[in-house]
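Residue numbers (my numbering): 8 to 448.
Right under this line is the structure:
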């Protein structure tokens with residue numbers, strides 16, 4: 008325990024509520040603060056007390072007198088009874104004569120046993136109340152260790168397309184402090200270093216990228232003259248070269264994009280005039296674009312991901328405002344003549360311009376913005392249970408239009424815009440831990 012780091016009044020209030028078994032949500036309601044603020048205070052408390060669980064934090068608080076010990080609640084039960092109760096059975100003189108040291112020993116032992124039992128019951132109650140919270144220790148004690156700052160961008164970048172190929176991340180286009188970025192920025196994951204690839208023939212922003220085979224496809228975008236274009240440019244990461252393929256049917260930007268079963272699906276977007284609801288499919292074999300129905304709503308700046316063979320669409324913005332929607336799209340149902348759309352649990356926060364990644368069949372959404380403009384927490388979607396949870400938040404807040412990329416068990420978040428400043432941050436989060444269990448033969 009670090010004696011130089013005393014808890015603030017707010018932190019003492021929180022640890023007292025923790026000792027009662029209150030959840031983060033309950034604490035937030037009682038103190039009229041947000042659950043995120045409770046999490047931040049808990050991380051500070053754990054650090055100051057040098058503990059790794061709520062139970063240890065409670066015991067440390069008891070030892071310092073911030074929280075009342077459970078034994079004090081039963082102290083009245085151990086006050087010695089007045090001898091008046093025995094006056095009709097044993098004479099006063101006989102009582103004094105028959106008292107022996109062993110009687111006091113037995114009474115003391117019984118009192119200690121009751122105290123120990125009461126404490127164990129109380130302690131077990133605290134543990135049981137926390138048992139339902141998945142990965143509580145991992146989520147609260149290792150938060151600081153899960154995040155790491157890596158080599159930043161040379162200059163801030165937002166609204167770029169980003170994709171992982173082998174052991175590198177590729178960032179295409181976007182907007183930096185000088186305007187539209189023409190460079191291809193390559194981050195070597197193993198060496199934690201940046202390099203440059205061949206410049207994009209038509210620099211644009213507000214784009215997405217999808218990979219088929221060993222080629223990276225980037226349609227449309229907004230150029231430096233603020234014009235929406237329709238070109239489809241393809242990057243070969245092995246040769247660091249570009250080629251042009253079938254132009255999109257009309258100018259398009261701010262769309263959602265994903266590769267699925269050998270084709271590329273493009274959802275919604277902005278054509279320079281209005282929001283779009285169309286779904287388009289690109290077939291690389293015939294080099295053709297084909298309209299494939301419409302989304303339930305028009306929107307742009309949405310996020311799209313594939314999990315367990317299902318395409319998921321999240322959030323976005325349209326003329327009615329920022330969306331929290333979440334739909335699943337089943338292309339085969341469309342081919343069968345059925346409704347391909349199925350509504351799933353909406354995001355906990357409406358947002359647009361966020362990054363998205365999939366790790367271990369779980370969806371991570373980071374960054375983005377809404378009407379308030381405040382930084383939004385990173386959230387995780389669990390498809391199996393159709394649930395959303397918040398994860399440990401990063402050292403540096405994440406703004407709108409960042410790159411969010413997966414690699415093995417880690418989640419990388421690069422750039423974005425926060426408080427009208429284009430960010431250079433390159434942060435990595437240890438999202439999944441792999442535990443090796445020895446096999447005994």
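Even for Gly, the Cβ is constructed at its ideal location relative to N, Cα and C.
Practice item. Could you please give me the residues that DSSP links to residue 168 through a beta bridge? Key: Answer is 179.
Review point. On the three-state DSSP scale, how would you describe residue 274?
Key: Strand.
Point to revise | 7 Å Cβ shell around residue 183 - same chain, five flanking residues per side excluded | key: Result list for residue 183: 162, 163, 164 and 429, in chain order.
Practice item. Note down, one range per segment and in chain order, each alpha helix (DSSP H) of at least 4 residues found wholly within the stretch 35–62. Key: Complete alpha helix (DSSP H) runs here, min 4: 42–56.
Exercise for review: Under the assumption that residue 338 contacts residue 267 (Cβ atoms under 8 Å), give the Cβ distance between them as a whole number of angstroms.
Suggested key: At roughly 7 Å, the Cβ-Cβ gap stays under 8 Å, so residue 338 and residue 267 are in contact.
Exercise for review: Count the other CB atoms, across all protein chains shown, that sit within 10 Å of the CB of residue 278; report buried if there are 16 or more and exposed otherwise.
Suggested key: Residue 278 comes out buried.
Review point. Looking at C-beta atoms only, is the number of pairs between the stretch 191–205 and the stretch 216–236 that lie closer than 8 Å three or more?
Key: The stretch 191–205 makes no contact with the stretch 216–236; the number of CB pairs closer than 8 Å stays below 3.
Exercise for review: Measure from the alpha carbon of residue 13 to the alpha carbon of each residue in 439, 36, 270 and 73, then state which is nearest.
Suggested key: Closest option to residue 13, judged by alpha-carbon separation, among 439, 36, 270 and 73: 73.
Practice item. Have a look at residue 406 and residue 422 and give me their C-alpha separation to the nearest angstrom. Key: If I take the Cα positions, the gap works out to 8 Å.
**Study point:** residue 286 - DSSP class collapsed to helix/strand/coil
**Key:** The three-state secondary structure of residue 286, taken from DSSP, is strand.
Review point. How should residue 289 be labelled, buried or exposed, when 16 other C-beta atoms within 10 angstroms of its C-beta is the threshold for buried?
Key: It counts as buried.
Check your understanding: What are the partner residues of residue 429, as DSSP defines its beta bridges?
Key -> Beta-bridge pairing links residue 429 to 424.
Point to revise | Buried/exposed call for residue 297, threshold 16 Cβ in 10 Å | key: Counting C-beta atoms within 10 angstroms of its own C-beta, residue 297 has fewer than 16 neighbours from the protein chains shown and is therefore classed as exposed.
Practice item. Helix, strand or coil for residue 410, going by three-state DSSP, please let me know. Key: Reduced to three states, the DSSP call for residue 410 is strand.
Check your understanding: Roughly how many angstroms lie between the CA atoms of residue 209 and residue 260, to the nearest whole one?
Key -> One C-alpha to the other measures close to 14 Å.
Exercise for review: For residue 258, verify whether its CB is less than 6 Å away from any heavy atom of the ligand NAD.
Suggested key: The ligand NAD is not part of this structure, which contains no ligands at all.
Point to revise | DSSP-derived helix/strand/coil call for residue 25 | key: Of the three classes helix, strand and coil, the one that applies to residue 25 here is helix, per DSSP.
**Study point:** Spatially closest choice to residue 294 from 38, 336, 226 and 234, by CA coordinates
**Key:** When each option's Cα is compared against that of residue 294, the closest is 226.
Review point. When we look at the beta-carbon of residue 263 and count the other beta-carbons within 10 Å, is it buried (16 or more) or exposed?
Key: Classification for residue 263: buried.
Review point. Does the beta-carbon of residue 399 have 16 or more other beta-carbons within 10 angstroms, so that it is buried, or is it exposed?
Key: Burial call: buried.
Review point. Any idea what DSSP makes of residue 226, helix, strand or coil?
Key: Shown here, residue 226 sits in a strand according to DSSP, grouped into three states.
Practice item. May I ask which residues mark the beginning and end of the alpha helix (DSSP H) holding residue 342? Key: Counting along the chain, the unbroken alpha helix (DSSP H) around residue 342 starts and ends at 338–342.
Check your understanding: Less than 7 Å separating the beta-carbons of residue 275 and residue 237?
Key -> Taking 7 Å as the Cβ cut-off, residue 275 and residue 237 do not qualify as a contacting pair.
Exercise for review: Tell whether a beta-carbon distance below 7 Å holds between residue 373 and residue 329.
Suggested key: In this structure, residue 373 lies away from residue 329, with their beta-carbon atoms at least 7 Å apart.
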